[in-house]
Amino acid sequence: MMGLIILVGIFQSWNIALSIFNLCLISAVMTMGANIQWGYAGLINFGIMGFTALGGLAAVLISVNPVQEAWSAGGINILLSLFLIIGIVLAIRFVLKKYQKSKIRSYVVAAIIITGIIIIRLVSEPGIEAIEEVNPARTGFLGGLGLPIIFSWIAGAFFAGGLAFIIGKVALGLRADYLAIATLLISEIVIAIIKHEDWLTRGVKNVIGLKRPAPYEVNLQQTDWFINLVEKFNSGKLNLISDMSERKAALNQFVIEGSSIFVKLCYSGLFLIVVIILLILTQKALYSPWGRMMRAIRDNEEAANAMGKNVVKQHLLIFVLGSAIVGIAGAMLVTQDGLFTPGSYRPLRYTFLIWVMVIIGGSGNNFGAILGGFVVWFLWIEAAPIGLYLVNLSTAGLEDTHFLKVHLIESVPYFRFLMMGIGLLLIMRYRPKGILPEKIEIK
Amino acid sequence: MNAIVLLLNYIFIPALTYGSQLALGAIFVTLIYGILRFANFATGDMMSFGTMVTILFTWYFQSLGISLGILPTALIAIPFAIIFMAGYMLLIDKFVFKYYRVSKSPPVQLAMVSIGVMFVTQAVVRIIIGPSDRRFFDGEKFLIKAGEFKEMTGLNEGLAIKSTQVITIVVTLILVSALFWFLNKTKTGKSMRAYSDNEDLALLSGIDPKKIVMTTWIIAGVLATIGGSLYGLDKSFKPFTYFNNMLPIFAAAIVGGIGNPFGAFLGGYVIAFSEIFLTYAYKKFFMYVLPERMEPDGLIQLLSTDYKFAVSFSILVIVLLYRPSGIFKGKIL
Numbered sequence: 049m050m051g052l053i054i055l056v057g058i059f060q061s062w063n064i065a066l067s068i069f070n071l072c073l074i075s076a077v078m079t080m081g082a083n084i085q086w087g088y089a090g091l092i093n094f095g096i097m098g099f100t101a102l103g104g105l106a107a108v109l110i111s112v113n114p115v116q117e118a119w120s121a122g123g124i125n126i127l128l129s130l131f132l133i134i135g136i137v138l139a140i141r142f143v144l145k146k147y148q149k150s151k152i153r154s155y156v157v158a159a160i161i162i163t164g165i166i167i168i169r170l171v172s173e174p175g176i177e178a179i180e181e182v183n184p185a186r187t188g189f190l191g192g193l194g195l196p197i198i199f200s201w202i203a204g205a206f207f208a209g210g211l212a213f214i215i216g217k218v219a220l221g222l223r224a225d226y227l228a229i230a231t232l233l234i235s236e237i238v239i240a241i242i243k244h245e246d247w248l249t250r251g252v253k254n255v256i257g258l259k260r261p262a263p264y265e266v267n268l269q270q271t272d273w274f275i276n277l278v279e280k281f282n283s284g285k286l287n288l289i290s291d292m293s294e295r296k297a298a299l300n301q302f303v304i305e306g307s308s309i310f311v312k313l314c315y316s317g318l319f320l321i322v323v324i325i326l327l328i329l330t331q332k333a334l335y336s337p338w339g340r341m342m343r344a345i346r347d348n349e350e351a352a353n354a355m356g357k358n359v360v361k362q363h364l365l366i367f368v369l370g371s372a373i374v375g376i377a378g379a380m381l382v383t384q385d386g387l388f389t390p391g392s393y394r395p396l397r398y399t400f401l402i403w404v405m406v407i408i409g410g411s412g413n414n415f416g417a418i419l420g421g422f423v424v425w426f427l428w429i430e431a432a433p434i435g436l437y438l439v440n441l442s443t444a445g446l447e448d449t450h451f452l453k454v455h456l457i458e459s460v461p462y463f464r465f466l467m468m469g470i471g472l473l474l475i476m477r478y479r480p481k482g483i484l485p486e487k488i489e490i491k
Numbered sequence: 056m057n058a059i060v061l062l063l064n065y066i067f068i069p070a071l072t073y074g075s076q077l078a079l080g081a082i083f084v085t086l087i088y089g090i091l092r093f094a095n096f097a098t099g100d101m102m103s104f105g106t107m108v109t110i111l112f113t114w115y116f117q118s119l120g121i122s123l124g125i126l127p128t129a130l131i132a133i134p135f136a137i138i139f140m141a142g143y144m145l146l147i148d149k150f151v152f153k154y155y156r157v158s159k160s161p162p163v164q165l166a167m168v169s170i171g172v173m174f175v176t177q178a179v180v181r182i183i184i185g186p187s188d189r190r191f192f193d194g195e196k197f198l199i200k201a202g203e204f205k206e207m208t209g210l211n212e213g214l215a216i217k218s219t220q221v222i223t224i225v226v227t228l229i230l231v232s233a234l235f236w237f238l239n240k241t242k243t244g245k246s247m248r249a250y251s252d253n254e255d256l257a258l259l260s261g262i263d264p265k266k267i268v269m270t271t272w273i274i275a276g277v278l279a280t281i282g283g284s285l286y287g288l289d290k291s292f293k294p295f296t297y298f299n300n301m302l303p304i305f306a307a308a309i310v311g312g313i314g315n316p317f318g319a320f321l322g323g324y325v326i327a328f329s330e331i332f333l334t335y336a337y338k339k340f341f342m343y344v345l346p347e348r349m350e351p352d353g354l355i356q357l358l359s360t361d362y363k364f365a366v367s368f369s370i371l372v373i374v375l376l377y378r379p380s381g382i383f384k385g386k387i388l
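If you read the sequences in order, they're chains Y and X. Each residue of the first sequence is one higher than the last, beginning at 49 in my numbering. Each residue of the second sequence is one higher than the last, beginning at 56 in my numbering.
Structure follows, in structure tokens:
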């Protein structure tokens, strides 16, 4: 796999190769999250998109500087609404605990929720309007905490884990395919909220220019040690050029290229650390007594229950853990892009593609999950060039202006769907356990 | 009077149309779930495939100069598309789903396989017709125009009825009643219900599973083509929207009780009406109903239209929590 990426580096460019590699790493993290849920415990989570987006939201809320005017304009209302929400939840809990299950209780709960929502809307509306009016072209939202963006990876995990806790409490009792549909729909709700609550996320106006854990290219290009480093690396090529000014121009070119590669390498290093830590943890968990218990629950829920294992609690735990990992990946993704675009979260890319990775890589096997993330992402990106090559090959006999050839070349980007679908179907049919099947050694 | 016309124009008729389109999709999901026992994630894309075939036939007929006058040409194209689509469904079944059905795989695995089918179908649609927005409606656009209605009745509010809306509702009613007649009165339909209720018993009493499965896929093809084409006629054809429509369709099927066609039929309307009711701005309505000094100054909108999808999903979550089997008991055809 690494070899393929290196090939891309040689034939296309190192920049492309590294960005593929980085996204492969992020995909691998997402896949590990989904794999924990599906491979260890047999829970279907089609809400990966929602957790990814929450991770991204965490990156915004942690790293962006707070917008002081917005806070003074509407901060009190928002905080008040927050307390109201907590108050409502506590009230409902109180009613549920204190009284027996009856029709009246359900009505009381419904009444609390409805009046609560009305009060919250009345309180928050002026606040939200005031916030969104503060310099709408640039801010128009509350901003974040202004901390380094690395912290958001942890915060993303907590956000996603928190949401997973709520969803798990509500939906984990459902049958497998219902759970899949329910999580898919819930993740759509999450996206809808992120897209349209402008005071929190700027919505579809996007947040750009997030902080970086790595240096900026522009700064690098002016640092002496970096220029020297590039000079050393390319000394062979540079020595061939005798003319002084030409040599300088060539060096400049190398520095510009080198700086973006260097930044990408920084990201790769950070991501690699995350992947390795997660891999060690998940491997340890898989072979621990806890891992054995999870497999027992997965393979025979009733027997595990009879042995005194708390199935509901363990399911909830693993659902939260897996989602938290996906949340980390979401924050990493936004960190790498440097921008948060709620409009770009689509179920096909962030839920179904991740599932393809899990299935193809091998569910229940962490190395399989990573491999799946790499292979599928690589194909997803490189499908267009491969498709173009195939089209050119198969229509070689036709003239360049033949309508069929033109049409096919125009639709080359969609060959990736075809490849994913066929790949998934073939794997499901002939290697249902994935490329690297789950294997459990008793040590 | 004005208030009623207003509601009719902006809520009732659009919701009825949208509900019919959802209902057809929901019956599709429910049929597959009831008989083949898996959640079909390729629903939206199968519908878009059917619509694509209809569009291609429509273009062909248009190039031949055939038209139905005031009715859209697509209506002649649909039967041909259905034949093609039924073939496509049977082909998919033979090459993909049959293997898992015969080896009695768990439903989850079949659902995963349907994701593979989803990817492939989506790719085929996009490769053949492209991802852009297409309108293929021709013929008379309005049955009643807003202006004419105002003149006729002398009211301030116009009522515009698009011919596609009428076509959608009428075709849906005919199709659904034919389907229920088929399921309840004919021998094949009865054996389908028996098979869905208890597979082993049905096999024991001599019902041929191959025939059942084939009939199911053909009916599914009919539903997918007509449901998709009606949606495309009324709005427009765009593969991505069809994929997204899968979500409210699932919601409708589950709300109505998955596996129960009548429930799915009603579920479509439940979802459509609640989506439109909750996101409509009632300002104008209250202007007509209330005396002048009580006129509201806000839009009186319960939820902003951005949350249209979220409404149906919230309904679904609530239904799943309190009545996991749906409004009507599901799981039996």
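Idealized CB from N, CA, C, for every residue including glycine. Everything numeric in this text was worked out from a predicted model, so none of it was measured.
Could you tell me the boundaries of the beta strand (DSSP E) in which Leu198 (chain X) lies? Locating residue 198 (chain X) in the second sequence gives position 143, counting from the first residue. Residues Phe197 to Ile199.
Since Asp272 (chain Y) meets chain X, which of its residues come closer than 7 angstroms, beta carbon to beta carbon? Reading the first sequence from its first residue, position 224 is the one you call residue 272 (chain Y). Simply none; closest approach about 49 angstroms.
Under 8 angstroms Cβ-Cβ, which residues of chain Y neighbour Val172 (chain X)? By one-based count along the second sequence, residue 172 (chain X) stands at place 117. The answer, in chain order, is Gly469 and Leu473.
Quick one: Cα of Asn83 (chain Y) to Cα of Gly210 (chain Y), how far? Working through the first sequence from its first residue, we reach residue 83 (chain Y) at position 35. Working through the first sequence from its first residue, we reach residue 210 (chain Y) at position 162. Distance between the alpha carbons of Asn83 (chain Y) and Gly210 (chain Y): 19 angstroms.
Going by C-alpha distance, which of Y:His363, Y:Leu132 and Y:Gly445 is nearest Leu170 (chain Y)? In the first sequence, the residue the question calls residue 170 (chain Y) occupies position 122. If we check each option's Cα against that of Leu170 (chain Y), Y:Leu132 comes out closest.
At what residues does the alpha helix (DSSP H) containing Met56 (chain X) begin and finish? Taking the second sequence and counting its residues from 1, the one referred to as residue 56 (chain X) is at position 1. Counting along the chain, Met56 (chain X) falls outside any alpha helix (DSSP H), and DSSP gives it neither H nor E.
In or out: Tyr276 (chain X) buried (at least 16 other Cβ within 10 Å) or exposed? For the purposes of this step, residue 276 (chain X) is taken as the residue at position 221 of the second sequence. Strictly speaking, residue 276 (chain X) in this sequence is Gly, with Tyr absent from that position. Gly276 (chain X) should be labelled buried.
Which residue from X:Ile382, X:Arg378 and X:Thr334 puts its Cα closest to that of Phe364 (chain X)? Translated into positions along the second sequence, residue 364 (chain X) becomes position 309. Per the Cα distances, X:Thr334.
Thinking C-alpha only, which one of Y:Gln384, Y:Tyr155, Y:Ile53 and Y:Ile136 is nearest Tyr315 (chain Y)? In the first sequence, the residue the question calls residue 315 (chain Y) occupies position 267. Answer by Cα proximity: Y:Gln384.
Inter-residue Cα distance where the pair is Leu111 (chain X) and Phe94 (chain Y): Walking along the second sequence from the start, residue 111 (chain X) turns up at place 56. Walking along the first sequence from the start, residue 94 (chain Y) turns up at place 46. Near 34 angstroms, if we compare the C-alpha coordinates of Phe94 (chain Y) and Leu111 (chain X).
Taking the alpha helix (DSSP H) that Asp252 (chain X) belongs to, which residues open and close that run? Taking the second sequence and counting its residues from 1, one reaches residue 252 (chain X) at position 197. From DSSP, the alpha helix (DSSP H) with Asp252 (chain X) extends over Lys242 to Asp252.
Just to check my reading of the structure: Leu278 (chain X) and Leu79 (chain X) have Cβ atoms closer than 8 angstroms, yes? What is that Cβ distance to the nearest angstrom? One-based indexing of the second sequence puts residue 278 (chain X) at position 223. One-based indexing of the second sequence puts residue 79 (chain X) at position 24. At roughly 5 angstroms, the Cβ-Cβ gap stays under 8 angstroms, so Leu278 (chain X) and Leu79 (chain X) are in contact.
Using a Cβ cut-off of 8 angstroms, which residues of the region 234 to 253 of chain Y contact any Cβ in chain X, in chain order? Ile234, Glu236, Ile237, Ala240, Ile241, Lys243 and His244
Determine the burial state of Tyr437 (chain Y): buried for a count of at least 16 other Cβ atoms within 10 Å of its Cβ, exposed for fewer. Numbered from its first residue, the first sequence carries residue 437 (chain Y) at position 389. Under this definition Tyr437 (chain Y) is an exposed residue.
Which ranges would you report for the alpha helix (DSSP H) in the region 110 to 174 of chain X if only whole runs of at least 4 residues count? 129 to 147 and 153 to 157
Are there 16 or more other CB atoms within 10 angstroms of the CB of Asp392 (chain X), so buried, or fewer, so exposed? The structure shown does not extend to residue 392 (chain X), since chain X is modelled only from 56 to 388, so the question has no answer here.
Could one say the Cβ of Tyr362 (chain X) lies closer than 7 angstroms to chain Y's Cβ atoms, at least one of them? Against the second sequence, residue 362 (chain X) aligns to sequence position 307. Tyr362 (chain X) counts as touching chain Y.
Name the chain X residues whose beta carbon is nearer than 8 angstroms to that of Val218 (chain Y)? Here residue 218 (chain Y) refers to the residue found at position 170 of the first sequence. The contacting residues are Val372 and Leu376.
Over the uninterrupted alpha helix (DSSP H) stretch that includes Arg141 (chain Y), give me the two end residues. Numbered from its first residue, the first sequence carries residue 141 (chain Y) at position 93. Here the alpha helix (DSSP H) through Arg141 (chain Y) covers Gln116 to Lys146.
For the region 216 to 225 of chain Y and the region 68 to 85 of chain Y, state whether three or more C-beta atom pairs, one from each stretch, are separated by less than 8 angstroms. no
Run through DSSP, which three-state label would Val460 (chain Y) get? By 1-based counting over the first sequence, the position of residue 460 (chain Y) is 412. It is helical.
Less than 7 angstroms between C-beta atoms, sequence neighbours within five positions excluded: which residues of the same chain meet that for Ile133 (chain X)? For the purposes of this step, residue 133 (chain X) is taken as the residue at position 78 of the second sequence. Thr109, Thr280, Ile281 and Ser284, listed in sequence order.
Answer with yes or no whether the minimum CB distance from Ala70 (chain X) to chain Y is below 7 angstroms. Translated into positions along the second sequence, residue 70 (chain X) becomes position 15. So no, Ala70 (chain X) is outside the interface.
In angstroms with no decimal places, state the Cα-to-Cα distance between Ser329 (chain X) and Thr163 (chain Y). Locating residue 329 (chain X) in the second sequence gives position 274, where the first residue counts as 1. Locating residue 163 (chain Y) in the first sequence gives position 115, where the first residue counts as 1. Rounded to the nearest angstrom, the two C-alpha atoms are 20 angstroms apart.
Beta-carbon separation of Thr493 (chain Y) and Ile136 (chain Y) under 7 angstroms? The structure shown does not extend to residue 493 (chain Y), since chain Y is modelled only from 49 through 491, so no value can be given for it.
Just to confirm the assignment, what range does the alpha helix (DSSP H) spanning Ser307 (chain Y) have? As a first step, residue 307 (chain Y) must be located in the first sequence, where it is residue number 259. That run of the alpha helix (DSSP H) goes Met292 to Leu334.
What is the DSSP secondary structure of Val406 (chain Y), reduced to helix, strand or coil? Residue numbering aside, residue 406 (chain Y) sits at position 358 when the first sequence is read from its first letter. Of the three classes helix, strand and coil, the one that applies to Val406 (chain Y) here is helix, per DSSP.
Residue from Y:Phe310, Y:Lys296 and Y:Val406 whose Cα sits closest to the Cα of Ser425 (chain Y): Start at 1 with the first residue of the first sequence, and residue 425 (chain Y) comes out as number 377. It is Trp, not Ser, that sits at residue 425 (chain Y) in the sequence shown. Ranking the options by Cα distance to Trp425 (chain Y), first place goes to Y:Val406.
Below 9 angstroms on C-beta distance, what does Pro379 (chain X) contact in chain Y? By 1-based counting over the second sequence, the position of residue 379 (chain X) is 324. Per Cβ cutoff of 9 angstroms: Gly221, Leu222, Arg223 and Tyr226.
What's the gap between the Cα of Lys491 (chain Y) and the Cα of Ala65 (chain Y)? Start at 1 with the first residue of the first sequence, and residue 491 (chain Y) comes out as number 443. Start at 1 with the first residue of the first sequence, and residue 65 (chain Y) comes out as number 17. Confidence at Lys491 (chain Y) is low in this model, with a pLDDT of 45, below 50, so the placement of that residue should be treated as unreliable; the coordinate-derived value is given next. Roughly 39 angstroms between the two C-alpha positions.
What's the C-alpha gap between Gly51 (chain Y) and Val322 (chain Y)? Against the first sequence, residue 51 (chain Y) aligns to sequence position 3. Against the first sequence, residue 322 (chain Y) aligns to sequence position 274. C-alpha separation (whole angstroms): 22 angstroms.
By Cβ distance, which residues of its chain are closer than 8 angstroms to Ile214 (chain Y), with the 5 residues on each side in sequence left out? Residue numbering aside, residue 214 (chain Y) sits at position 166 when the first sequence is read from its first letter. Contacts found: none.
Mark Gly194 (chain Y) as exposed unless 16 or more other C-beta atoms lie within 10 angstroms of its C-beta, in which case mark it buried. Counting from 1 along the first sequence, the entry for residue 194 (chain Y) is found at position 146. Gly194 (chain Y) should be labelled exposed.
Return yes when the Cβ of Met301 (chain X) is within less than 7 angstroms of the Cβ of Gly99 (chain X), no when it is not. Within the second sequence, residue 99 (chain X) is the residue found at index 44, counting from 1. Within the second sequence, residue 301 (chain X) is the residue found at index 246, counting from 1. In this structure, Met301 (chain X) lies closer than 7 angstroms to Gly99 (chain X) by Cβ.
Report buried or exposed for Glu177 (chain Y), applying the criterion of at least 16 other Cβ atoms within 10 angstroms of its Cβ. Here residue 177 (chain Y) refers to the residue found at position 129 when the first sequence is read from its first residue. Exposed is the call here.
Looking only at its chain, what residues have a beta carbon closer than 6 angstroms to the beta carbon of Thr231 (chain Y), apart from the 5 residues adjacent to it on each side? Residue mapping note: residue 231 (chain Y) aligns to position 183 of the first sequence, counting from 1. Excluding sequence neighbours, Thr231 (chain Y) sits near Asn93, Phe94 and Gly95.
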